[in-house]
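Accompanying notes for the structure given below.
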Amino acid sequence: MEPLRKTLSIHTSPHIASGADVARIMRHVIYALLPVCGFAIYAFGWAALLTLVVAVVVCWLSEVLFCRLLRKPATLADGSVTITGILFALTLPPGLPLWMTVVGAFAAVGLGKFLFGGLAANVFNPALVGRAFLQAAFPGAMTTWSPVLAADRFSQIPSSLLAAPFMQPNYDTVSSASPLALLKFEHTPTPLGDLFLGTTAGSLGETSSLIILLGGAYLIARGMMSWRIPAGILVAVAVVGGISYVADSERFGSPLFMLFSGGLMLGAMFMATDPVSSPVTHRGCFVYGLLIGLVVVVIRNWGGLAEGVMYAILFANAVSPHIDNWLQPLPFGRKPGHGRERGS
Amino acid sequence: MSTRPLFSFFGGVHPPMHKDVSTGQPIDVMPLAERYILPLHQNIGQPAKPVVSVGERVLKGQRIGHAEGYVSVALHAPTSGTIADIGAYPVPHPSGLSDNCIVMTADGADEWTECVALPDYENINPSHLRNIVREAGIVGLGGAGFPSFIKLNPGTHKKIDTLIMNGIECEPYITCDDMLMRERAAEIVAGIRIIRHALQANRVLIAIEDNKPQAIKSIEEAIRGESAMEVVACPTRYPQGSEKQLVEALTGKEIPSEALPLHVGIVVHNVGTAAAVYRAIMLGEPLTSRIITVTGGGVAQPRNVEARIGTVIEDILAHCGGPTAETRKLIMGGPMMGFALHSDRAPVVKTTNCLLAATAEEIPDRGPALPCIRCGACSDACPARLLPQQLFWYAQAKDLDKIQEYNLFDCIECGCCAYVCPSNIPLVHYYRFAKTEIWAREREKEKAELARQRFDFRQTRLEREKAERAARHKKKRDELHSEEPSAAPATETKKAAILAAMERAKKKKDAPRITPANTEALTPQQQQMIEEVEQRRRQSRPNPEQQSAASNGDK
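Okay, here's the thing in structure tokens:
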């Protein structure tokens, strides 16, 4: 059978695969994010929808541009840049001028992803890099919050959204403060129910802890996300926040307030768990989560900013390779009691 | 069945098993072929050395290869016939290269050589039993091919508590052990009794994965009344059949990284090996055939065959109605750890447990590898508890020191990491590459070290010689200078010196050139023998004067 020898294909073992693929994982993350986007649109109307669309489209275009420039194969189809776009939009305040969104989305993909070499080479979460860029460039606009569930949210587009580039945006309505800023600067706590359901001011996707938790639970149940990272974050925030609350309940928020306010849930479920920039070892994931939780509470309680999730995650991203290195699991047969001696 | 609390092992995967493809029919004995190719290297360790010559007639079961070195076993003729050739032929190896083989042409008589059975093995010294197993050419039939007689040696320092019989067969598609346990349980159990006797083991655990209920039933019936033997049904998971993982799953003991199960009082043998041991001891038959699963969409009648060692793969595939036109892959072993064959002209060997002729739909080509997204699925699947993504990273960077810090050599190449990888990265291939790079580097280092030592030694020798020469010259010069006053009769002294030198040279010539080491207290006969030898020596050297003069000239 001469033909057989000619048609045999030679590969190394293993010859079979489980069928898991990156695009499928990314697709499920997008599914988990869709309810969060839906709620953002419900809560903030046209502003949310436009910001989401603009952010995702600009991320796509930047991805195509950078792939061309760097002569890399196009990676648009794997879905990771779509997640970057959605997550980036969800961290923005609802009234942010769209031109800023464009700049931030471009920075997210350019600085956060391709500066390091593209897919899976980034040290930091690209969406958060984009947000950090805007926070540094436009601190005012990034901390101006539109009221939630405004009556005219579906009837007109806020004029601030359409502000011309480099012009002072003109906010139509009286801006409201986020629950964290209210507590920090005005010592006014927000009711927990509002925080949990999301009927508070805040960034597009961070307000409803309930919906974010559902999305996270979906990914964990599908085995597509490490539960150890969010667990570490929530435990650290509850414990450290609890201790500071016991020490000074006038000044600091309660642990439950800490858990359900600001970007903590969104960060814990969808940003810190980005596999590329987080550890892989089981213990490392937990330690990484604890570290993020600790830094969040420290910034919120004692820092100059009302919110600290973004910086906490970026900081932990930077140390995550060291955490993995430090907490390497012991391979099979190398338990300390074992020694390495051979019997005979 | 055992109710023993089972332990577990870390990691592993659950690939689709496809076992029933080949279990529909009973074991089919392959008819005699015309030609057999017997690679001399079929086991871990050293290859056998041929003890037959081309053209010689051999009988079935006759030894044609001699075990060379300790970690080696004998090789036997699979049928009667003539030795057609000894030389390089294609062998089943990932490289696709040829190796030394003995080629036999069958004469059709299939005439056995004389077999010596030892049914009374209980009264035979275990070391003698081991030797028979070695001479019978038995290696581990599970796939690795480690000479079995070595694992029949309990050693002197440790009592063997548990003999584990491995009937796990955790790789997809492979069913040869399953079918053997179903059909020849009595042979297996008889072999287990012999192995247990050789090891003096307290108890025997026969481990079978719970996806083989018929095999479990059949072995349980065969061990009825054996108080020390027990069947343990293990929940199916790949790679449970790996020796160390199996020991942990059954006993909870984690064997240290560089040790053997023997060091915790455990020995593991494959069930197929037990059947071979039974045949060697009770019937006196060496290992000349084995059960091979022939499966996959590339053969029309997938089933298990009993094939003689050395049968050409082409013949086996043809016997099972293959290969079909859709066959795109031919794998020896299972799809997780087996290797792709380059051609079907190679023969099957003692370690061939499966021939998987697969179509492109069954085993599609791996897609292009994407960047690692560090999802960590590989480290959750790794039974060696390594960090495969880190190993990959360092293998890619060729950072051979760092990769060893991450314990590359604890990798058993089971393939779980690459199996679960969503980015399609051929991880195991990277580890093999890194391992061979490290071995090559070690060899280079050793070579360089040897060369350095040689160079250093030569340098010291040259310096020493130079110093000696200088000292000699100085001495000479000093002597000459001391004779300076009597400079006038210099020619006289020179002449005298030359004469004296010639005298010395003549004396040296006459004296025996070699001083024999053993010259005292010789008997007259010895004396005479020496004389005779000397006589012959002088005769063989017609002009000794010239030779010695030439050699003296150097001094």
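Taken in order, these protein sequences are the chains called E and L.
In our numbering, each residue's number is its place in the first sequence (first place is 1) plus 3.
In our numbering, each residue's number is its place in the second sequence (first place is 1) plus 667.
Yeah, the Cβ is synthetic: ideal placement off N, Cα and C, and Gly gets one too.
Keep in mind it's a predicted model, so treat the numbers as computed, not measured.
Reference residue 180 (chain E); option with closest CA among E:45, E:173 and E:192: E:192
Residue 1217 (chain L), buried or exposed, once every other Cβ within 10 Å from all chains shown has been counted against 16: Here the model assigns residue 1217 (chain L) a pLDDT of 44, short of 50, so the residue's position is not dependable and the matter cannot be decided.
Enclosing alpha helix (DSSP H) for residue 699 (chain L) [first to last residue]: Careful: residue 699 (chain L) lies outside any alpha helix (DSSP H) and carries neither H nor E.
First and last residue of the uninterrupted alpha helix (DSSP H) at residue 732 (chain L): Premise fails: residue 732 (chain L) lies in the beta strand (DSSP E), 730 to 733, not in any alpha helix (DSSP H).
For residue 771 (chain L), the three-state DSSP class (helix, strand or coil): For residue 771 (chain L), the three-state secondary structure derived from DSSP is strand.
Pairwise C-alpha distance: residue 1100 (chain L) and residue 165 (chain E): Near 57 Å, if we compare the C-alpha coordinates of residue 1100 (chain L) and residue 165 (chain E).
CA nearest to the CA of residue 14 (chain E), picked from L:996, L:1129, L:1123 and L:676: When the alpha-carbon of residue 14 (chain E) is set against those of L:996, L:1129, L:1123 and L:676, the nearest one is in L:996.
Chain L residues whose Cβ lies nearer than 7 Å to that of residue 321 (chain E): Per Cβ cutoff of 7 Å: no residues; residue 321 (chain E) is ~15 Å from chain L at best.
Span of the alpha helix (DSSP H), counted from its first residue to its last, around residue 212 (chain E): 212 to 224
Terminal residues of the alpha helix (DSSP H) in which residue 830 (chain L) lies: Element bounds for residue 830 (chain L): not the alpha helix (DSSP H) but the beta strand (DSSP E), 829 to 834.
Alpha carbon of residue 798 (chain L) to alpha carbon of residue 816 (chain L), nearest angstrom: One alpha carbon belongs to residue 798 (chain L), the other to residue 816 (chain L), and they sit about 7 Å apart.
Cutoff 9 Å: residue 987 (chain L) Cβ touching any chain E Cβ: no
contact_flag[the segment 271 to 280 of chain E, the segment 325 to 333 of chain E] where n(CB pairs < 8 Å) is 3 or more: no
Cut-off 6 Å between Cβ atoms - residues of its own chain near residue 1212 (chain L), not counting five sequence neighbours on either side: Bear in mind that a pLDDT of 48 at residue 1212 (chain L), under 50, signals an unreliable position, so the number given afterwards is only what the model happens to contain. Taken in chain order, the list of residues that qualify is empty.
Below-9 Å beta-carbon distance, residue 922 (chain L) vs any chain E residue: yes
Cβ-Cβ distance between residue 1030 (chain L) and residue 1023 (chain L) below 9 Å: yes
DSSP state of residue 1021 (chain L) mapped onto helix, strand, coil: strand
The segment 935 to 952 of chain L / the segment 774 to 786 of chain L touching (three or more Cβ pairs under 8 Å): They touch, by the three-pair rule.
The segment 715 to 733 of chain L in contact with the segment 987 to 1001 of chain L per 3-pair CB rule at 8 Å: no
Cutoff 9 Å: residue 1219 (chain L) Cβ touching any chain E Cβ: Because the pLDDT at residue 1219 (chain L) is just 45, under 50, the model does not fix this residue reliably, and the value given afterwards should be weighed accordingly. Judged by the 9 Å Cβ criterion, residue 1219 (chain L) is not in contact with chain E.
Rounded C-alpha distance that separates residue 18 (chain E) from residue 1033 (chain L): 8 Å
Euclidean distance between Cα positions of residue 161 (chain E) and residue 47 (chain E): 10 Å
Entirely enclosed alpha helix (DSSP H) segments - the segment 928 to 1013 of chain L, minimum 4 residues: 938 to 945 and 980 to 986
Residue 619 (chain L) at chain E interface by Cβ criterion, 9 Å: Here chain L has residues from 668 to 1222 only, and residue 619 (chain L) is not among them.
Beta-carbon proximity check, residue 106 (chain E) vs residue 140 (chain E), cutoff 9 Å: Note that the C-beta distance between residue 106 (chain E) and residue 140 (chain E) is below 9 Å.
Residue 156 (chain E) classed as buried or exposed, judged by whether at least 16 other C-beta atoms fall within 10 angstroms: buried
Within 9 Å, strictly: CB atoms of residue 916 (chain L) and residue 901 (chain L): yes
Cβ pair residue 685 (chain L), residue 789 (chain L) closer than 9 Å: no
Whole-angstrom C-beta distance between residue 103 (chain E) and residue 53 (chain E), which should lie under 8 Å: Rounded, the Cβ-Cβ distance is 12 Å, inconsistent with contact.
Assigned exposure category for residue 248 (chain E) - 16 Cβ within 10 Å defines buried: buried
Residue-chain proximity (residue 994 (chain L), chain E), Cβ-Cβ < 9 Å: yes
DSSP-derived helix/strand/coil call for residue 687 (chain L): helix
contact_flag[the segment 1059 to 1068 of chain L, the segment 1010 to 1020 of chain L] where n(CB pairs < 8 Å) is 3 or more: no
Contacting residues, own chain, Cβ-Cβ under 7 Å from residue 284 (chain E) (five flanking each side not counted): Spatial neighbours of residue 284 (chain E) in its own chain (CB-CB distance under 7 Å, excluding positions within 5 residues in sequence) are listed in chain order as 327, 330, 331 and 332.
Residue range of the alpha helix (DSSP H) that includes residue 918 (chain L): 910 to 918 is the span of the alpha helix (DSSP H), which, as asked, contains residue 918 (chain L).
Span separating the alpha-carbon of residue 986 (chain L) from that of residue 957 (chain L): 16 Å
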